[in-house]
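Trainee: Structure incoming, see below.
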Ligand code: MG
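As structure tokens, this is what we get:
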């Protein structure tokens, strides 16, 4: 039986991971659960799965958990992320934001397998995260695109390039002049995937694809990464090999597929699924880097190296928050990121501390500048 800890168990990926575990009670057991502040959900899950180690980031919820779960060990604050993973074979890192970097570093330092659903850790800190693999741990992708690439690479020793697919988000076909008027409500309504608010906005600006390009660079050690628009989200990505052969991984869009594969790798284990309706007419369209420049900025950040991707991520995170708080418009998000990348060359030392310092400095600078609007 595989022992699983889920960091961020009350978010979208966390809940779907619990669904996967629920479907195979003999294959998995939950040994650790943590979340940010949703104590009611955490208590319910800990009871349902008989989990004896729980953590909550919000310290004010500590005593509530303590009395609701008298048999469990309860952690709070920063310990919530690291201590609940102690007994796990696989740590599912499904927290949103830079806090994921701390969690991933800690799990890898103790040689654990990380099922990674947190984007920021590899985007902002890819160099320091991958360095921790020397302790014998592993990073297994949970994101559907990276899981697809990973599945295509099974049994292969080399490849020519990765072709990520992108749904295009809800506004790919919208005329460019209408984009500026997009509201937060429209931006978070994604046609194919059920996701959190931050990633839904990233998907709408195509920055999600930009972040995924940077993640793919670290996961598969290459900068040969392209992407195509595929509105149906059936083909989750492709890999082209030296002889011109292209492998694609496809399935009905459901995050529980890649989540389960990360937990059962190298096996494809039986699960209930909605079958693909064949024959299918698959559509692929070229990227539009003029209307959606975010993937181009991400590639630029990879080429510049150093802390450039850390800056891109921090600027985007601050700008998305400002957009959701209605302080800036939809197209301002990527404009702010682009201006930030141009304003200062970031070639500081790439250390865990340097990454956090740069992230906080850029995030605060941008957030404070526009917050009062
Ligand atoms: Mg994705």
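Numbering (the numbering used here), first residue to last: 9 to 381.
Idealized CB from N, CA, C, for every residue including glycine.
Beta-carbon separation of residue 12 and residue 29 under 9 Å?
Mentor: Here residue 12 refers to the residue found at position 4 of the chain shown. Here residue 29 refers to the residue found at position 21 of the chain shown. Taking 9 Å as the Cβ cut-off, residue 12 and residue 29 qualify as a contacting pair.
Trainee: Excluding five sequence neighbours on each side, which residues of the same chain lie with their C-beta closer than 7 Å to the C-beta of residue 298?
Mentor: Your numbering for residue 298 matches position 290 in the chain shown. Once the five neighbours on either side are set aside, residue 298 has no close Cβ partner at all.
Trainee: Does DSSP put residue 408 in a helix, a strand or coil?
Mentor: The question about residue 408 has no answer here: the residues shown for the chain are numbered 9 through 381.
Trainee: Ignoring anything shorter than 4 residues or poking outside the stretch 231 to 291, list the alpha helix (DSSP H) runs there in chain order.
Mentor: Listed in chain order, the complete alpha helix (DSSP H) runs (minimum 4 residues) inside the stretch 231 to 291 are 264 to 272.
Trainee: For residue 169, which residues does DSSP report across the bridge?
Mentor: Within the chain shown, the letter at position 161 stands for residue 169. Residue 169 pairs with 248.
Trainee: Going straight from the alpha carbon of residue 80 to that of residue 74, what length do you get?
Mentor: Against the chain shown, residue 80 aligns to sequence position 72. Against the chain shown, residue 74 aligns to sequence position 66. Residue 80 and residue 74: Cα-Cα distance of roughly 8 Å.
Trainee: In the structure shown, what three-state DSSP assignment does residue 101 receive?
Mentor: Taking the first residue of the chain shown as position 1, residue 101 is located at position 93. The answer is strand: DSSP assigns residue 101 an E or B state.
Trainee: Between which two residues does the beta strand (DSSP E) carrying residue 148 extend?
Mentor: Start at 1 with the first residue of the chain shown, and residue 148 comes out as number 140. 146 to 149 is the span of the beta strand (DSSP E), which, as asked, contains residue 148.
Trainee: Indicate, with yes or no, if ligand 1 has a heavy atom lying under 8 Å from the CB of residue 151.
Mentor: Residue numbering aside, residue 151 sits at position 143 when the chain shown is read from its first letter. Checking the Cβ of residue 151 against ligand 1 gives yes.
Trainee: Report the three-state DSSP secondary structure of residue 18 (helix, strand or coil).
Mentor: The residue you call residue 18 lines up with position 10 of the chain shown. DSSP places residue 18 in coil when its eight states are reduced to three.
Trainee: Leaving out the 5 sequence neighbours to the left and right, which residues in its chain are closer than 7 Å to residue 326 when beta-carbon positions are compared?
Mentor: Here residue 326 is taken as the residue at index 318 of the chain shown, counted from 1. Correct list, in chain order: 371, 374, 375.
Trainee: Give the list of continuous beta strand (DSSP E) stretches no shorter than 3 residues that lie fully inside the stretch 25 to 102.
Mentor: Entirely contained in the stretch 25 to 102, the beta strand (DSSP E) runs reaching 3 residues are, in chain order, 36 to 43, 61 to 64, 81 to 84, 98 to 101.
Trainee: Under the criterion of a Cβ to heavy atom distance below 8 Å, does residue 220 qualify as lining ligand 1?
Mentor: The residue labelled residue 220 in the question sits at position 212 within the chain shown. At least one heavy atom of ligand 1 is nearer than 8 Å to the Cβ of residue 220, so yes.
Trainee: Should residue 163 be labelled buried (16 or more other beta-carbon atoms within 10 Å of its own) or exposed?
Mentor: For the purposes of this step, residue 163 is taken as residue 155 along the chain shown, with counting starting at 1. Burial call: exposed.
Trainee: Quick test of your reading: residue 154 and residue 227, contact by CB under 8 Å. State the CB separation rounded to the nearest angstrom.
Mentor: The residue given as residue 154 occupies position 146 in the chain shown. The residue given as residue 227 occupies position 219 in the chain shown. About 6 Å separates the two Cβ atoms, so the contact holds.
Trainee: Kindly list the residues whose CB is nearer than 6 Å to the CB of residue 129, restricted to its own chain and excluding five residues on each side of it in sequence; keep chain order.
Mentor: Along the chain shown, read from residue 1 onward, the residue named residue 129 stands at position 121. These residues qualify, in order along the chain: 108, 109, 112, 137.
Trainee: At a threshold of 8 Å, does residue 216 count as lining ligand 1 (C-beta to nearest heavy atom)?
Mentor: Mapped onto the chain shown, residue 216 falls at position 208. For ligand 1, at least one heavy atom lies less than 8 Å from the Cβ of residue 216.
Trainee: Determine the contact status of residue 96 and residue 19, defining contact as a CB-CB distance below 9 Å.
Mentor: Indexing the chain shown from 1 puts residue 96 at position 88. Indexing the chain shown from 1 puts residue 19 at position 11. For residue 96 and residue 19, no; Cβs fall outside 9 Å.
Trainee: By a C-beta neighbour count over all protein chains shown, 10 Å radius and 16 as the cutoff for buried, is residue 368 buried or exposed?
Mentor: Stepping through the chain shown from its first residue, residue 368 is reached at position 360. Burial call: exposed.
Trainee: Quick one: give me the first and last residue of the alpha helix (DSSP H) that residue 311 is part of.
Mentor: Within the chain shown, the letter at position 303 stands for residue 311. Unbroken alpha helix (DSSP H) run through residue 311: 302 to 312.
Trainee: Which of the three DSSP states, helix, strand or coil, is assigned to residue 10?
Mentor: By one-based count along the chain shown, residue 10 stands at place 2. If DSSP states are grouped into helix, strand and coil, residue 10 belongs with the strands.
Trainee: Near residue 77, what residues of its chain come up, given a Cβ to Cβ distance below 7 Å and the 5 sequence neighbours on each side ignored?
Mentor: Position 69 of the chain shown, counting from 1, holds the residue named residue 77. Counting only Cβ-Cβ distances below 7 Å, and skipping sequence neighbours, we find 51, 54, 62.
Trainee: Near residue 221, which residues of its chain fall below 8 Å by C-beta distance, leaving aside the five closest residues on each side in sequence?
Mentor: Locating residue 221 in the chain shown gives position 213, counting from the first residue. Around residue 221: 172, 233, 235, 303, 306, 307, 310.
Trainee: Determine which residues share a DSSP beta bridge with residue 122 and list them.
Mentor: Counting from 1 along the chain shown, the entry for residue 122 is found at position 114. Beta-bridge pairing links residue 122 to 99, 147.
Trainee: Using three-state DSSP, classify residue 317 as helix, strand or coil.
Mentor: Within the chain shown, residue 317 is the residue found at index 309, counting from 1. Helix, per DSSP.
Trainee: Quickly, what does DSSP pair residue 174 with across the bridge? List them, please.
Mentor: For this step, residue 174 is matched to residue 166 along the chain shown. In DSSP, residue 174 forms a bridge with 237.
Trainee: Locate the alpha helix (DSSP H) running through residue 228, then write down its first and last residues.
Mentor: For this step, residue 228 is matched to residue 220 along the chain shown. Where residue 228 is concerned, the enclosing alpha helix (DSSP H) stretches over 215 to 228.
Trainee: Figure out for me which residue from 381, 350, 339, 207 has the closest Cα to the Cα of residue 190.
Mentor: As a first step, residue 190 is located in the chain shown; it is residue number 182 there, counting from the start. Nearest of 381, 350, 339, 207 to residue 190, Cα basis: 339.
Trainee: Does the beta-carbon of residue 263 have 16 or more other beta-carbons within 10 angstroms, so that it is buried, or is it exposed?
Mentor: What you label residue 263 is simply residue 255 of the chain shown in a count that begins at 1. Under this definition residue 263 is a buried residue.
Trainee: Assign residue 134 to buried or exposed, taking buried as 16 or more other Cβ atoms, counted over all protein chains shown, within 10 Å of its Cβ.
Mentor: The residue labelled residue 134 in the question sits at position 126 within the chain shown. When all chains shown are included, residue 134 counts as buried.
Trainee: Going straight from the alpha carbon of residue 242 to that of residue 251, what length do you get?
Mentor: In the chain shown, counting from the first residue as 1, residue 242 sits at position 234. In the chain shown, counting from the first residue as 1, residue 251 sits at position 243. Each residue's Cα considered, the two are about 25 Å apart.
Trainee: To the nearest angstrom, how far is the alpha carbon of residue 58 from that of residue 279?
Mentor: The sequence position of residue 58 within the chain shown is 50, counting from 1. The sequence position of residue 279 within the chain shown is 271, counting from 1. Whole-angstrom Cα-Cα distance: 23 Å.
Trainee: Tell me which same chain residues have a C-beta within less than 8 Å of the C-beta of residue 346, skipping the five on either side of it?
Mentor: As a first step, residue 346 is located in the chain shown; it is residue number 338 there, counting from the start. Only 301, 305 meet the Cβ criterion.
Trainee: Take residue 225 as the anchor and find which of 286, 132, 291, 271 has the nearest alpha-carbon.
Mentor: On the chain shown, position 217 is the one that residue 225 refers to. Checked all of 286, 132, 291, 271; the closest Cα to residue 225 is 132.
Trainee: Beta-carbon within less than 8 Å of residue 27's beta-carbon, same chain only, minus the 5 sequence neighbours each way: which residues are those?
Mentor: To locate residue 27, count along the chain shown from 1; it is residue 19. Closer than 8 Å at the Cβ level, and outside the excluded window around residue 27, lie 264.
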